[in-house]
Amino acid sequence: MENDKGQLVELYVPRKCSATNTIIKSKDHASVQINIAKVDEEGRAIPGEYITYALSGDVRARGEADDALNRLAQNDGLMKNVWSYSR
422 MENDKGQLVE LYVPRKCSAT NTIIKSKDHA SVQINIAKVD EEGRAIPGEY
472 ITYALSGDVR ARGEADDALN RLAQNDGLMK NVWSYSR
């Protein structure tokens, strides 16, 4: 879709669930997007630097959001030594 200046304008940009890699539908009002700030050596947030995770409503409804967020954060190097039942 284009506006009156001829620039491309998207009304809806679909997101993918970070845990399941499925597209989050536009009517999924239970989905969330979480930004986790990157920090410096002193533990202060670095302005403008963060990692974004999107979780679908299906993941949240099954009660797997906390496990999924822990797994994603571990894969990105944000967390270490998280207890897991499977270990």
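Taking this note's numbering, the leading residue of the sequence shown gets 422, the next gets one more, and so forth.
Cβ coordinates follow ideal geometry from the N, Cα and C atoms, glycine included.
Tell me whether the region 473-484 and the region 424-442 touch, counting them as touching only if at least three CB pairs, one residue from each stretch, are closer than 8 Å. yes
Let's test the definition: count the other Cβ atoms within 10 Å of the Cβ of residue 458 and tell me whether it reaches 16, buried, or not, exposed. exposed
Is residue 489 buried or exposed, if buried means 16 or more other CB atoms sit within 10 Å of its CB? buried
Considering only C-alpha positions, which residue in the set 462, 466, 450 and 447 is nearest to residue 456? 466
Contact under 7 Å by Cβ, residue 476 with residue 460: no
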